[in-house]
Amino acid sequence: MTRIILFNKPYDCLSQFTDEGTKRTTLADFIDVKGVYAAGRLDRDSEGLMVLTDDGKLQARIAHPKHKLPKTYLAQVEGVPDEAALKALRDGVRLKDGPTAPAKAMLTAEPDWLWPRTPPVRFRKTVPDSWLQLTITEGKNRQIRRMTAAVGHPTLRLIRISIGDWRLGDLAPGTWIDAPR
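Just so you know, we're using our numbering here: the sequence shown kicks off at 2 and counts up by one.
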C-alpha cells in the first residue's frame, strides 16, 4: 500500500533528508520513516505543506509541472498590492527565465491560526505589509517570491497551504501525519 505523509516544513529546514558536511536542519530531523521521499521542494526560507511518499510514480505526478497540480500559498508581502499588481499575477508575470502561467491571486487577511516564525519577519514602520493567497500550477525555482517581487511587492514570508487535494490543516510546524485515505 502506498504511504503518503503530510508534513509542515518549518522555516530554515531543507526539504531533503541529508545535507553532507553541514549541520543544517533537514527532513530527517523530523521524519523517521524509511523509504519515503519528498514530492517536490520548498525553499529553506519557506514554510508549510510538503507531501512525501514511497510511490515513485505518485511522487513524479505531484512534483512534475506537466501535471499542473495546483499549489496554494499564503505570502506576506511588502506593501499592499493594488488591482494592477493582482491582475499582473493573474495574467502571468515575465521573469528572466520566461513567463509564468497565470496564477490565482487575491488579497487575504493574516490567518488567525498562524504560528510565530523564528526568526520573525522584519518589520518596518514606514512600509506596511499585507497577505496574498496565490495558487500556481508550475514550479519554477522560487516562483512565488520572484512573481511578487516582479510586481513590486517582495515576499517576506511564504507558507504553502495546499497541494492538490492535500491541505496543511492544523499541522504544527515540524509535525507530520499519514494522509487520510
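Cβ coordinates follow ideal geometry from the N, Cα and C atoms, glycine included.
Model, not experiment: these values are computed from the prediction.
Under 9 Å between C-beta atoms of Leu53 and Ile5:
As a first step, residue 53 is located in the sequence shown; it is residue number 52 there, counting from the start. As a first step, residue 5 is located in the sequence shown; it is residue number 4 there, counting from the start. Yes, they are a contact pair.
Determine contact between the region 161 to 174 and the region 99 to 111, defined as no fewer than three beta-carbon pairs at a distance below 8 Å.
no
Compare the Cα-Cα distances from Lys97 to each of Gln144, Thr136, Met107 and report the closest residue.
Residue 97 sits at position 96 when you count from the first residue of the sequence shown. Comparing Cα-Cα distances from Lys97 to each of Gln144, Thr136, Met107, the minimum goes to Gln144.
Does the Cβ of Thr156 have 16 or more other Cβ atoms within 10 Å, making it buried, or fewer, making it exposed?
Indexing the sequence shown from 1 puts residue 156 at position 155. With a threshold of 16 other beta carbon atoms within 10 Å, Thr156 meets it and is buried.
Considering only their Cβ atoms, is the gap separating Leu75 from Ile164 smaller than 9 Å?
Within the sequence shown, numbered from 1, the residue matching residue 164 stands at position 163. Within the sequence shown, numbered from 1, the residue matching residue 75 stands at position 74. Not in contact: Ile164 and Leu75 (Cβ atoms no closer than 9 Å).
From which residue to which residue does the alpha helix (DSSP H) around Ile145 run?
In the sequence shown, counting from the first residue as 1, residue 145 sits at position 144. Segment 144 to 151, the alpha helix (DSSP H) holding Ile145.
DSSP three-state label for Glu139, please.
Along the sequence shown, one-based indexing puts residue 139 at 138. Of the three classes helix, strand and coil, the one that applies to Glu139 here is coil, per DSSP.
For a quick check, are the C-beta atoms of Thr136 and Pro82 less than 9 Å apart?
Looking up residue 136 in the sequence shown gives position 135. Looking up residue 82 in the sequence shown gives position 81. No; because the gap between Cβ atoms is not below 9 Å, this pair is not in contact.
According to DSSP, which residues form a beta bridge with Ala106?
To locate residue 106, count along the sequence shown from 1; it is residue 105. According to DSSP, which records beta bridges pairwise, Ala106 is partnered with Leu135.
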